[in-house]
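Read left to right, the sequence shown gives residues 1 to 647 (full-length UniProt numbering).
Cβ coordinates follow ideal geometry from the N, Cα and C atoms, glycine included.
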Amino acid sequence: MVEFDASQLNLSLLSLGAYIIFFGLFSFVLKEKVNIGESPLAILLGIALGPHGVFNLIKWASNGDDSKADALMLGLSRIVLGIQLTLIGVQLPFRFLRTELKSLLILIGPVMIMMWLATTLCIRAAIPGIPFLVSLIVAACTTSTDPVLSNSIVKGQFADAFVSVRLRNLISAESGLNDGMGYPFLYLAVYSLRHATFGEVLTRWTLDTLLWQILGSCIYGTVVGYVCLWLLRLATRRGTIDKESFLLYGVGMAIFIVGSAGVLGTDDLLAAFISGNVLTWDDRYRVDTEDDEVTNVIDLLLNQTFFLFVGLMIPFDLFNQPEYGITPARLVGLSMLVLIFRRLPALLLHYRFIPSVRDPSEAAFAGYLGPIGAGACFYASLVLEEFKPDDPNPMHQLVRIYVKPLTYALVLASIAGHSLMVPVLKAFLIYNDIGRIKLDDSASDFDGSDTETIGANDDPAETTTQRAPSIAGVSVTSSHLRPPLSQTLSQPLSQIVSPLDHSSVHRPVSFIDGTAAHVLPSRHFEASNAHNRSSWRMSSGHKLHSGIAHDEHGREVYYLARDAPSAWTRAARDVSSSSGGTGGDGVPGQGTSLRSRSRSRSRSSRRPISAISGGGDDLEQGDVTPPSISHDGLPVQSTADRYTADD
1 MVEFDASQLN
11 LSLLSLGAYI
21 IFFGLFSFVL
31 KEKVNIGESP
41 LAILLGIALG
51 PHGVFNLIKW
61 ASNGDDSKAD
71 ALMLGLSRIV
81 LGIQLTLIGV
91 QLPFRFLRTE
101 LKSLLILIGP
111 VMIMMWLATT
121 LCIRAAIPGI
131 PFLVSLIVAA
141 CTTSTDPVLS
151 NSIVKGQFAD
161 AFVSVRLRNL
171 ISAESGLNDG
181 MGYPFLYLAV
191 YSLRHATFGE
201 VLTRWTLDTL
211 LWQILGSCIY
221 GTVVGYVCLW
231 LLRLATRRGT
241 IDKESFLLYG
251 VGMAIFIVGS
261 AGVLGTDDLL
271 AAFISGNVLT
281 WDDRYRVDTE
291 DDEVTNVIDL
301 LLNQTFFLFV
311 GLMIPFDLFN
321 QPEYGITPAR
331 LVGLSMLVLI
341 FRRLPALLLH
351 YRFIPSVRDP
361 SEAAFAGYLG
371 PIGAGACFYA
381 SLVLEEFKPD
391 DPNPMHQLVR
401 IYVKPLTYAL
411 VLASIAGHSL
421 MVPVLKAFLI
431 YNDIGRIKLD
441 DSASDFDGSD
451 TETIGANDDP
461 AETTTQRAPS
471 IAGVSVTSSH
481 LRPPLSQTLS
491 QPLSQIVSPL
501 DHSSVHRPVS
511 FIDGTAAHVL
521 PSRHFEASNA
531 HNRSSWRMSS
541 GHKLHSGIAH
551 DEHGREVYYL
561 ARDAPSAWTR
571 AARDVSSSSG
581 GTGGDGVPGQ
591 GTSLRSRSRS
601 RSRSSRRPIS
611 AISGGGDDLE
621 QGDVTPPSIS
631 HDGLPVQSTA
641 DRYTADD
């Protein structure tokens, strides 16, 4: 007789798999049209499956023990944030931390201090009777902006259409940096609660937090990032690394640094962000991996799993504790106060000192949309780990009583007030025909307004005019979409990028001295041709790819190709006659796109091999023709371009 096994593990896997399947079926519409990411929906599913929903799946992980569930949340949040922050560091433009140092220092200094104190005052106003030090601890948990929920602001069609690349870069960098900078605020309040004298608090906070956790994590992240970069260069030169390992290199480094920094007792989040940026300090690794979605797929899976778990963990039973001043009405009032006063006044007050924020509209946008999410869950779990359930100190027990319901209530409020605000804001901007979230006339990224050259010979007077750089006499936009050099800046976005090529991945582009970062030579690598012949480029994941090609006589020839078709080795197979066509040697002529912008090709659009390669030799079975490399170091054609029929 058939017996059903409705165990917690099976139900958990069933729920997660069903969510991934059905969300994926409508993901483009939800993320690109409606502008709702995976995180809010995952939290809603977690609530439906949580202790107060259909199932109580949290029992599988903790057997009803809240302390075990909190420990699991702490570990899962460390992994998700570590990978996310490393990827943010990798995706930032060329030496972004150095060029935007002033802006970032203002954001993690005066702005974060004001955010911490403003949140404390909001908690004190909404929750009567809460001790001041306890409110400081809870406020420290929610001070940092969440890098995961910030994706709805810096990625996708909404960001492409309405948010300047300069502002997106700044929001990404700030969300990556200030997640690790929450330690000083949290432990200043924790040490003030634990120690009786000001001298003890100051000594412990300076030595343990500022020097070891903050400064030590910066040094450690820099060392790990540089060593990993040096090892990657060595493996690239000697041809010992394949494609999959190359693409997963950043994720592996993130996991390593989270674990090793945890062993050392330092700030693993800050170390992860610093190491990711050092890994791509010369912009090489970012350029080499920007067209591949491997790390983004892993990141998406982790985010979906994490926020589903957050939905399971939300303590609705703790939202009504009148004896401690916690009621649903007061939590709603607290949420409204925090959404309005936590970050917005600080940005409006300091935006004049932040070079990358140029007017009040940008300050209001960046000030309001500062979500609370994974970082808050991490710090709340860290506080619960710091103050044990059996701690005899009554003040420490008050911390445990307040931190969980208040933090998770603010996470829910941020999901509703920040993530779900993006579709509303988009509709408002479209209805009022606003091209960018700016007040000045330089509204579009494609007019060069947000493009600035960075170099020692820049004239400050010229820099303030926001002149666009040029390559070989062709103006180039700073948009991360990086349109072909033959495209003019006057073309609308819809003519430069196909809707099918839209991705929710944020890939900024930087410029140094008027030159695109991806065409800059690197003195740390061998010659460019040697780099493009690296083993990871030619690796196909140990799979053989068969194809059907036509020789110059029109005969079909079957052959095996060992270099797998990949996003960065695709060439522009279709060259219109108006764009200049290709030369006899297959090199694109004037106006030809250097890489394909359409990912759906019909069978009729594939030309015979002679039309692509320009070669006259017959293609024998088993031949493999290496891809040609363009002048900027990017492959112009690959074996995949020689296919004339579907594999």
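If I follow the unbroken alpha helix (DSSP H) through residue i, where does it start and stop?
| i | result |
| --- | --- |
| residue 31 | It is not in any alpha helix (DSSP H) - residue 31 carries neither H nor E in the DSSP assignment. |
| residue 362 | 360-368 |
| residue 288 | 284-289 |
| residue 328 | 328-341 |
| residue 236 | 216-238 |
| residue 181 | Careful: residue 181 lies outside any alpha helix (DSSP H) and carries neither H nor E. |
| residue 157 | 156-162 |
| residue 130 | Residue 130 -> no alpha helix (DSSP H), and no H or E assigned at all. |
| residue 386 | 374-386 |
| residue 265 | Taken as a continuous stretch (DSSP letters only), residue 265 belongs to no alpha helix (DSSP H), as it is neither H nor E. |
| residue 203 | 198-204 |
| residue 311 | 294-313 |
| residue 428 | 421-431 |
Do residue j and residue i have their beta-carbon atoms positioned less than 9 Å apart in this structure?
| i | j | result |
| --- | --- | --- |
| residue 373 | residue 415 | yes |
| residue 193 | residue 134 | yes |
| residue 175 | residue 143 | no |
| residue 223 | residue 87 | no |
| residue 126 | residue 331 | yes |
| residue 214 | residue 180 | yes |
| residue 191 | residue 209 | yes |
| residue 111 | residue 343 | yes |
| residue 346 | residue 114 | yes |
| residue 85 | residue 254 | yes |
| residue 394 | residue 67 | no |
Could you compute how far the alpha carbon of residue i sits from the alpha carbon of residue j?
| i | j | result |
| --- | --- | --- |
| residue 294 | residue 274 | 21 Å |
| residue 18 | residue 28 | 17 Å |
| residue 195 | residue 427 | 52 Å |
| residue 403 | residue 130 | 11 Å |
| residue 148 | residue 155 | 11 Å |
| residue 281 | residue 231 | 14 Å |
| residue 103 | residue 7 | 51 Å |
| residue 277 | residue 297 | 20 Å |
| residue 518 | residue 316 | Low local confidence applies: a pLDDT of 39 at residue 518 is under 50, so the model's placement there is unreliable, with the coordinate-based value given in what follows. Each residue's Cα considered, the two are about 50 Å apart. |
| residue 269 | residue 2 | 48 Å |
| residue 117 | residue 406 | 16 Å |
| residue 74 | residue 303 | 14 Å |
| residue 360 | residue 348 | 7 Å |
| residue 320 | residue 120 | 20 Å |
| residue 256 | residue 170 | 26 Å |
| residue 77 | residue 378 | 6 Å |
| residue 267 | residue 168 | 25 Å |
| residue 333 | residue 226 | 47 Å |
| residue 243 | residue 229 | 16 Å |
| residue 207 | residue 413 | 36 Å |
| residue 45 | residue 183 | 31 Å |
| residue 356 | residue 106 | 11 Å |
| residue 123 | residue 109 | 21 Å |
| residue 306 | residue 38 | 11 Å |
| residue 433 | residue 420 | 21 Å |
| residue 272 | residue 82 | 6 Å |
| residue 94 | residue 283 | 5 Å |
| residue 217 | residue 5 | 46 Å |
| residue 9 | residue 15 | 10 Å |
| residue 709 | residue 173 | The chain is shown from 1 up to 647; residue 709 falls before or after that span and cannot be answered. |
| residue 69 | residue 234 | 43 Å |
| residue 384 | residue 159 | 36 Å |
| residue 178 | residue 141 | 12 Å |
Tell me whether residue i sits in a helix, a strand or coil according to DSSP, three-state version.
| i | result |
| --- | --- |
| residue 415 | helix |
| residue 354 | coil |
| residue 452 | Because the pLDDT of residue 452 is 39, which lies under 50, any placement of that residue in the model is unreliable, and the number read from its coordinates should be weighed accordingly. Residue state, collapsed to three classes: coil. |
Would you verify that the beta carbon of residue i is, or is not, closer than 9 Å to some beta carbon of chain C?
| i | result |
| --- | --- |
| residue 210 | In the structure shown, chain C cannot be found, because there is only a single protein chain. |
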